[in-house]
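Chemist:
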């Protein structure tokens, strides 16, 4: 058994697989489970978790001695943001001298109470220490990047998402960057900060965070949108946009707030409401909170909400009474409205239509369940039994020495329908090895797994998630794709079953969760993970060695669509193909289109535009282009039989024309 050192967190992005062999039965069971849970949920965190989201709060280290404060926080919230303790002036008061004591107090409280942690913030024009305020040019750029690297490294493995850059755009109607000392180091400073953060903590989600970007029509909102779109097009590592959502009489909740959330999400990033507070009281305030929550629930990639404080008296705007609990810690009308909105059953409550749980199936795509460090006598058999009983398949990242010592267990993994991946031979810190030693670790593991009947692995998860170009080259030479993960269950770090289930509830289409072979808490989580996936319209899928994304187990068909009487569970490929276009949201310069395909699960759809139209974003399909850039060919990527795209129209609002054929 390989036990991870507490300071080393494994990283990999291998996507396991789930096939619900008894889809109809399990789906019905899962739907019943969710409805029961939703009725019983009496806290914000628990209710949000049922929708696949989190509900968090800002925590001040100085108030952790207040038992009334911590009682509410521990009971109600499942995500924590340090209010000030991780900002620049707190963590690096003197250049090169870092002080994490206050931030660690918040982080430790979160961990000890089973909460996840958002990091706030790595780079900002405000709350800079004096020494940084007096810098400029390349000296400031170097100092800023060092700060990002050092702080992100200190909290590596503990942070769900970082607000990497905060408030970099100017107020008003210019849409310009803020004229700050950081901006004056060069227009690429934001990109540089994101790249440094990714290098320091590859597993954390990286967010851009700002205020007054809630109204889709505002120039500031559109400027941030353009930056994120540019980053995504060029491969700059950005995973999410944070909408601070500070609302008052001068900045009310906009009527197009849902459009803003969905507009950013259409770029392929998560959206997080990061600092919510709303001035007011009574029914009026309650209705505004309900509006914000419903906007998040309406967009699958809105992954969570954080309110900026616990009680009104804890708020930076205390006189506005903007939070969910009054000064005495009593629940306000806004709390009840928020809880009621969250308790609408289903992961992505629509803005119209029924509020009951949607039918089971894979309509929202595929995720990966992966288990490292096996096979182990006494553990692997129990794990496989639990997976089979839940109707799940997964990817098992085996070490070579364990495979060689337990060949029968490798064979049992394959017999149970699991996929087998390479996790090195002895689980070393690979980057300390020579190139030849790296190759030996990998090749010996390939041989051990093959000899045990596990086939030839196509995927490699590096121990501790440590990788570089040399290691990736060694893996590639053996036909292995190097993968890390999207969600860390923290089972290796003592996470309980509820925490593991909560981590799995954050998975979205194509993502992978890291788990391990040897923990009882991990095995105990399997039935709830299965029910949660089914209730959210997700299935576990195999990992494509080509893309590294979770896809359907056969690469295209839907394995868990509930059967129709007299017909097979999975419709056969081929046959008639019909593509139906529907118009989505529209903005001044672009519009969304949605295509639904019937008649086959193995389709090829052509989307033909009229110049000067161009597609600037796609989702739920694998696409390619002809030489003119006006004909897009879309194929299934495992996310079901519908896909969408955003067209920048250039003045031509004509709908695209479609063609469809069975592959």
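Residue numbers (UniProt numbering): 1 to 663. The beta-carbon is built from N, C-alpha and C at its ideal position, and this holds for glycine as well.
Among residues of its own chain, excluding the 5 on either side of residue 445, which ones have a beta-carbon nearer than 8 Å to its beta-carbon?
Modeler: Cβ within range, chain order: 398, 399, 400, 403, 422, 423, 424, 425, 457.
Chemist: Could you have a look at residue 331 and say whether DSSP puts it in helix, strand or coil?
Modeler: Strand at residue 331.
Chemist: Taking 9 Å as the threshold (C-beta atoms), are residue 269 and residue 292 in contact?
Modeler: Result no, Cβ atoms of residue 292 and residue 269 do not sit closer than 9 Å.
Chemist: In this structure, how does DSSP classify residue 512 when only helix, strand and coil are distinguished?
Modeler: In this structure, residue 512 counts as strand in the three-state DSSP scheme.
Chemist: Can you tell me whether DSSP reads residue 308 as helix, strand or coil?
Modeler: Three-state DSSP puts residue 308 in coil, outside helix and strand.
Chemist: For a test of the three-state rule: what should DSSP assign to residue 209, helix, strand or coil?
Modeler: Of the three classes helix, strand and coil, the one that applies to residue 209 here is strand, per DSSP.
Chemist: Taking three-plus beta-carbon pairs below 8 Å as touching, is the stretch 149 to 161 in contact with the stretch 187 to 194?
Modeler: Contact between the stretch 149 to 161 and the stretch 187 to 194 is absent, because fewer than three Cβ pairs lie under 8 Å.
Chemist: Would residue 193 pass as a contact of residue 145 if the rule is Cβ separation under 9 Å?
Modeler: Yes, these two residues count as a Cβ contact at 9 Å.
Chemist: When burial is assigned at 16 or more other CB atoms within 10 Å of the CB, is residue 309 buried or exposed?
Modeler: Residue 309 is buried by the Cβ-count criterion.
Chemist: If you draw a straight line from the C-alpha of residue 33 to the C-alpha of residue 485, how long is it?
Modeler: Since pLDDT at residue 33 reaches only 30, below the 50 mark, its modelled position is unreliable, and the value read off the structure follows with that caveat. Going from the Cα of residue 33 to the Cα of residue 485 covers about 28 Å.
Chemist: Alpha carbons only, please: which of 464, 489, 460 is nearest the one belonging to residue 475?
Modeler: Comparing Cα-Cα distances from residue 475 to each of 464, 489, 460, the minimum goes to 460.
Chemist: Are the CB atoms of residue 530 and residue 390 nearer to each other than 9 Å?
Modeler: Cβ atoms of residue 530 and residue 390: closer than 9 Å.
Chemist: In the DSSP assignment, what residue or residues form a beta bridge with residue 594?
Modeler: Partner(s): 582, 644.
Chemist: Taking the alpha-carbon positions, what's the residue 256 to residue 263 distance?
Modeler: Answer to the nearest angstrom: the Cα atoms are 10 Å apart.
Chemist: Return the first residue and the last residue of the beta strand (DSSP E) that residue 273 is part of.
Modeler: 270 to 278 is the extent of the beta strand (DSSP E) around residue 273.
Chemist: Would you list, in sequence order, the uninterrupted alpha helix (DSSP H) runs of no fewer than 4 residues that lie entirely inside the stretch 72 to 149?
Modeler: Listed in chain order, the complete alpha helix (DSSP H) runs (minimum 4 residues) inside the stretch 72 to 149 are 88 to 91, 101 to 112, 130 to 133.
Chemist: Starting from residue 194, trace the alpha helix (DSSP H) both ways and give me its first and last residue.
Modeler: 189 to 200 is the extent of the alpha helix (DSSP H) around residue 194.
Chemist: To the nearest angstrom, report how far apart residue 223 and residue 488 are at their CA atoms.
Modeler: Going from the Cα of residue 223 to the Cα of residue 488 covers about 33 Å.
Chemist: Terminal residues of the continuous alpha helix (DSSP H) containing residue 529?
Modeler: From DSSP, the alpha helix (DSSP H) with residue 529 extends over 520 to 535.
Chemist: For residue 494, count neighbouring C-beta atoms within 10 Å of its own C-beta (all shown protein chains included) and say buried if the count is 16 or more, exposed if not.
Modeler: Classification for residue 494: exposed.
Chemist: Thinking residue 58 and residue 81 are a contact (beta carbons under 8 Å), I'd like their distance in whole angstroms, please.
Modeler: Going by Cβ atoms, the distance from residue 58 to residue 81 rounds to 5 Å, so yes, they are a contact pair.
Chemist: Name the two residues that bound the continuous alpha helix (DSSP H) containing residue 296.
Modeler: Here the alpha helix (DSSP H) through residue 296 covers 282 to 297.
Chemist: Kindly list the residues whose CB is nearer than 7 Å to the CB of residue 610, restricted to its own chain and excluding five residues on each side of it in sequence; keep chain order.
Modeler: Only 652, 654 meet the Cβ criterion.
Chemist: Check the C-beta distance from residue 597 over to residue 642 and give it rounded, since I have them as a contact under 8 Å.
Modeler: Right, their Cβ atoms sit about 7 Å apart.
Chemist: Pull up the DSSP beta-bridge partners for residue 634, would you.
Modeler: 605, 623, per the DSSP bridge assignment.
Chemist: Which runs of the beta strand (DSSP E), 3 residues or longer, sit entirely within the stretch 373 to 399?
Modeler: Listed in chain order, they are 395 to 398.
Chemist: Please list the terminal residues of the continuous beta strand (DSSP E) segment that includes residue 54.
Modeler: Residue 54 -> beta strand (DSSP E) spans 54 to 59.
Chemist: Give me whichever residues DSSP pairs with residue 247 in a beta bridge.
Modeler: Bridge partners of residue 247: 278.
Chemist: Hey, out of 607, 533, 662, whose CA is closest to residue 576's CA?
Modeler: Residue 662 is the option with its Cα nearest to residue 576.
Chemist: Which residue's Cα is closest to the Cα of residue 248: 613, 644, 526, 211?
Modeler: Out of 613, 644, 526, 211, 211 has the C-alpha closest to the C-alpha of residue 248.
Chemist: Can you give me the start and stop residues for the beta strand (DSSP E) that residue 657 sits inside?
Modeler: Per DSSP, residue 657 belongs to the beta strand (DSSP E) from 657 to 662.
Chemist: With DSSP as the reference, label residue 418 as helix, strand or coil.
Modeler: In this structure, residue 418 counts as coil in the three-state DSSP scheme.
Chemist: How many Å lie between residue 298 and residue 427 at the Cα?
Modeler: Spanning the two alpha carbons is a distance of roughly 43 Å.
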